[in-house]
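Heads up: the sequence shown is residues 5 to 318, going by my numbering.
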Amino acid sequence: MKFQKSKSILFAFLAVLLIAAVSFSGCLGSDDHDGHSHGDPNASYDPLDNESVNKIVNGSKILVAASVVPQTEFIEKVGGDNVIAISMIPPGAGHTYDPSPRQLEDLSKADLYMQLGSGEPFESNNMNTFIEMNPNMTVINSSAGIMLIQSGSSTDPHIWTSPKCAIVMVENTYKGLVSVDPANESYYRANADAYILELEALDAELTAELSDLKTRNFMTYHPAWGYFARDYNLTQISVEVDGKEPAPKDIAKFIDIAKENNISVIFVQEQVSVTGATAIAEGFGGEVFVIDPLAKNYVENMKSVGRILAEEMS
């Protein structure tokens, strides 16, 4: 496997990087798909260490970039020992995260970008810059073959929260790796097949676990679970109002909805405020549970989500 990059190309990338880094500051900050950033303002990117950079530059490793942390697990499961994966939205950050100059420097060395392609605001804000900065980087659409959920004029970007969609994403990851490293196609095929078996078993387990519930409605702060709900015949009720904390009149409305639908919990993620969710839960005598759609340990995380939902909705 050889991915040698000439010094001239690297220097060109870094020159463009410096220009991009200067112009990038302040160009973001637009609202995400529902008008809220949903991120920890203190979240930060963990840069590649020198050993990893050397392996990428000398061609012994393929650098694959993605937008969200769960994708890095898909990449590592399929790519195995051949890859290093980075998430451009670091753990805890939200849809409007602003990449740092060091991230852009690392991205300039990437061979492949696994784009979500599902309406993720971070990608809408940044992909053109990423491609201009690294024109030799192959870009693959992870959502190819997935029926996306439309919500008004926008698309629900959270495709990875569905194990069924994750299987498609893994298959697209395999295709992406083969496109940049065809010599190792059989290795990637075997890895993808093994991981897809895990995901199929996860899907079967969740289907059984969520088949017999007292209610099929669940309440969540941020609507990250639409694809999961579609998989298992559930209804997600989001308490966000235009991407913001619910107003007092909205809190009263959601309390009534929870009581009408026998809802006993509201699910939140660590990256968002829980003030409104807590007020609603107190209003109907329920609890607030944290479930994380951005965890990397994908199979175990989805199993945990399934267990919590089954316990609280039965």
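Cβ coordinates follow ideal geometry from the N, Cα and C atoms, glycine included.
Asked: Opposing strand residues paired with Gln119 [DSSP bridges]; Found: Asn145
Asked: Rounded straight-line distance, which links the Cα of Lys253 to that of Phe78; Found: 42 Å
Asked: Neighbour-count burial assignment, Glu244, 16 or more Cβ in a 10 Å radius; Found: buried
Asked: Collapsed DSSP secondary structure at Gln154 in the structure displayed; Found: strand
Asked: DSSP three-state assignment for Met92, whether helix, strand or coil; Found: coil
Asked: Whole-angstrom C-beta distance between Phe271 and Phe232, which should lie under 8 Å; Found: About 11 Å; that fails the 8 Å criterion.
Asked: Start and end residues, beta strand (DSSP E) containing Gln240; Found: Thr239 to Ser242
Asked: Same chain, Cβ closer than 7 Å to Pro51, neighbours up to 5 away in sequence not counted; Found: Arg106 and Asp110
Asked: Beta-bridge partners of Asn138, as assigned by DSSP; Found: In DSSP, Asn138 forms no bridge with anything.
Asked: 8 Å Cβ shell around Ala314 - same chain, five flanking residues per side excluded; Found: Glu213, Leu214 and Leu217
Asked: Straight-line gap, Gln75 to Tyr236 (C-alpha atoms, nearest Å); Found: 22 Å
Asked: Residues sharing a beta bridge with Glu291, DSSP; Found: Val269
Asked: Per DSSP, the bridge partner or partners of Thr219; Found: Partner(s): none; Thr219 has no beta bridge.
Asked: Segment contact, 8 Å Cβ cut-off, at least three pairs: the region 149 to 165 with the region 177 to 195; Found: no
Asked: Check whether Pro167 and Met306 have beta carbons under 7 Å apart; Found: yes
Asked: Beta-bridge pairing of Ala70 - partner residues as DSSP gives them; Found: Ser91 and Met118
Asked: 6 Å Cβ shell around Tyr178 - same chain, five flanking residues per side excluded; Found: Val82, Tyr192 and Ala196
Asked: Cβ pair Tyr49, Pro95 closer than 7 Å; Found: no
Asked: Reference Ala198, options Glu55, Val174, Glu209 and Ser183, closest by Cα; Found: Val174
Asked: 8 Å CB neighbourhood of Arg311 in its chain, flanking five on each side removed; Found: Glu213
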